[in-house]
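Asks: The structure that follows is given in the form of structure tokens.
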Amino acid sequence: MRIIVAITGASGVVYGKRLLEVLSDKNIETHLIISKGAEEIIASELSSKKHDIEKLATHVYQMNDLSSPLSSGSFIVDAMVIVPCSAKTLAGIANGYSDNLILRAAEVTIKQGRKLILVPRETPVSAIQIENMLKLARIGVVILPAMPAFYHNPKNINDLIDFVVGKILDSLDIAHNLFKRWTGR
3 MRIIVAITGA SGVVYGKRLL EVLSDKNIET HLIISKGAEE IIASELSSKK HDIEKLATHV
63 YQMNDLSSPL SSGSFIVDAM VIVPCSAKTL AGIANGYSDN LILRAAEVTI KQGRKLILVP
123 RETPVSAIQI ENMLKLARIG VVILPAMPAF YHNPKNINDL IDFVVGKILD SLDIAHNLFK
183 RWTGR
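Just remember that the numbering used here sits 2 ahead of the position in the sequence shown, which is counted from 1.
Rendered as structure tokens:
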């Protein structure tokens with residue numbers, strides 16, 4: 003399996019880091035792009051550097067490298083996940099504005115009919131953001147907001163992070179045991 007993971011400049015970069023850890027543990031090939039905004043948030047929220055996150059990926063690309071293989075539909079991937087997905091990135095994808103590698107890779111993923119998962123983290127959301135999400139959902143993009151549940155009785159913040167990452171893995175059809183599934187009362 004080959005997955006593009008993009009981390010953009012929204013709070014919640016820990017979700018992208020954790021997804022890369024899990025995919026690495028499962029020996030899944032990952033192609034990582036980190037936006038400039040995400041780089042700053044990685045430093046702020048994780049007290050880490052971009053390089054620390056890049057070490058978790060199989061391949062790493064720069065935001066402005068529009069000549070990379072990810073820019074072409076002939077480069078076969080199974081899916082792309084943007085986690086977290088900033089409102090700016092959401093707007094660019096929804097409106098076909100592909101001026102960087104994350105937006106171009108998302109555009110290619112859509113045009114090739116491949117799975118694209120966006121994990122918006124911002125709250126509250128504006129009507130514009132909701133319209134952008136709806137526009138993309140109507141063409142098959144998975145909108146997976148970073149909204150952890152509590153039915154699995156999380157004990158710490160890592161349990162909440164794993165819940166969201168587990169939902170991403172579910173959307174990718176990747177087996178996991180990151181959280182206890184609901185079995186009814």
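A virtual CB, placed ideally from N, CA and C, is assigned to each residue, including glycine.
Computed from a predicted structure; not experimentally measured.
1) Going by C-alpha distance, which of I36, K113 and M65 is nearest E56?
2) Within 10 angstroms of the Cβ of H53, are there 16 or more other Cβ atoms? Answer buried if so, exposed if not.
3) Quick one: give me the first and last residue of the alpha helix (DSSP H) that K137 is part of.
4) Would you check if there are 3 or more beta carbon pairs closer than 8 Å linking the segment 116-128 to the segment 33-52?
5) Report yes if the C-beta distance between K19 and L58 is below 8 Å; otherwise report no.
6) Using 8 Å for Cβ pairs, my map puts G11 next to G39. What's the rounded Cβ distance?
7) In the DSSP output, what is Y63 paired with across the bridge?
8) Pair every Cβ in the segment 21-32 with every Cβ in the segment 93-109, then say whether three or more of these pairs are closer than 8 Å.
9) DSSP on L118, reduced to helix/strand/coil?
10) When the Cα atoms are used, what is the spatial distance from Y63 to L162?
11) Are P126 and Y17 touching if we call contact CB-CB under 8 Å?
12) Does the count of Cβ pairs from the segment 132-139 and the segment 158-177 closer than 8 Å reach three?
13) Below 6 Å CB to CB, which residues in the same chain sit around G94 once its five sequence neighbours on both sides are set aside?
14) Decide if I130 is buried, meaning its Cβ has at least 16 other Cβ atoms within 10 Å, or exposed.
15) Does the Cβ of Q32 have 16 or more other Cβ atoms within 10 Å, making it buried, or fewer, making it exposed?
16) Which residue marks the beginning of the alpha helix (DSSP H) containing R106, and which one marks its end?
17) For G115, is the classification buried or exposed, using 16 other Cβ atoms within 10 angstroms of its Cβ as the cut-off for buried?
18) Using only the alpha-carbon positions, how far apart do L118 and R183 sit?
19) What does A81 pair with, by DSSP beta-bridge criteria?
Replies: According to the structure data:
1) Along the sequence shown, one-based indexing puts residue 56 at 54. For E56, the closest C-alpha among the options I36, K113 and M65 is that of I36.
2) Within the sequence shown, numbered from 1, the residue matching residue 53 stands at position 51. Under a 10 Å Cβ-count criterion, H53 is classified as exposed, with fewer than 16 other Cβ atoms of the shown protein chains found around its own Cβ.
3) Position 135 of the sequence shown, counting from 1, holds the residue named residue 137. Where K137 is concerned, the enclosing alpha helix (DSSP H) starts and stops at A129 to R140.
4) Verdict: no, contact absent.
5) The residue labelled residue 19 in the question sits at position 17 within the sequence shown. The residue labelled residue 58 in the question sits at position 56 within the sequence shown. L58 sits close to K19, with the two beta carbons spaced by under 8 Å.
6) Mapped onto the sequence shown, residue 11 falls at position 9. Mapped onto the sequence shown, residue 39 falls at position 37. Between G11 and G39 a beta carbon distance of about 2 Å is seen, short of the 8 Å cut, so the two are scored as contacting.
7) The sequence position of residue 63 within the sequence shown is 61, counting from 1. In the DSSP output, where bridge partners are listed per residue, Y63 has I35.
8) No contact exists between the segment 21-32 and the segment 93-109.
9) As a first step, residue 118 must be located in the sequence shown, where it is residue number 116. Shown here, L118 sits in a strand according to DSSP, grouped into three states.
10) Counted from its first residue, the sequence shown places residue 63 at position 61. Counted from its first residue, the sequence shown places residue 162 at position 160. Straight-line measurement puts the Cα of L162 at about 29 Å from the Cα of Y63.
11) Residue numbering aside, residue 126 sits at position 124 when the sequence shown is read from its first letter. Residue numbering aside, residue 17 sits at position 15 when the sequence shown is read from its first letter. Cβ atoms of P126 and Y17: not closer than 8 Å.
12) No contact exists between the segment 132-139 and the segment 158-177.
13) The count along the sequence shown starts at 1 and reaches residue 94 at position 92. Counting only Cβ-Cβ distances below 6 Å, and skipping sequence neighbours, we find L105.
14) By one-based count along the sequence shown, residue 130 stands at place 128. So I130 ends up on the exposed side.
15) Position 30 of the sequence shown, counted from the start, is the residue given in the question as residue 32. Per the sequence shown, residue 32 should be read as Thr rather than Gln. Buried, because 16 or more other Cβ atoms sit within 10 Å of the Cβ of T32.
16) On the sequence shown, position 104 is the one that residue 106 refers to. Note, R106: alpha helix (DSSP H), L103 to K113.
17) If you number the sequence shown from 1, residue 115 lands on position 113. Classification of G115: exposed, given that the 10 Å Cβ count is below 16.
18) In the sequence shown, the residue the question calls residue 118 occupies position 116. In the sequence shown, the residue the question calls residue 183 occupies position 181. Rounded to whole angstroms, L118 to R183 spans 24 Å at the Cα level.
19) Translated into the one-based positions of the sequence shown, residue 81 becomes position 79. A81 pairs with I5 and K117.
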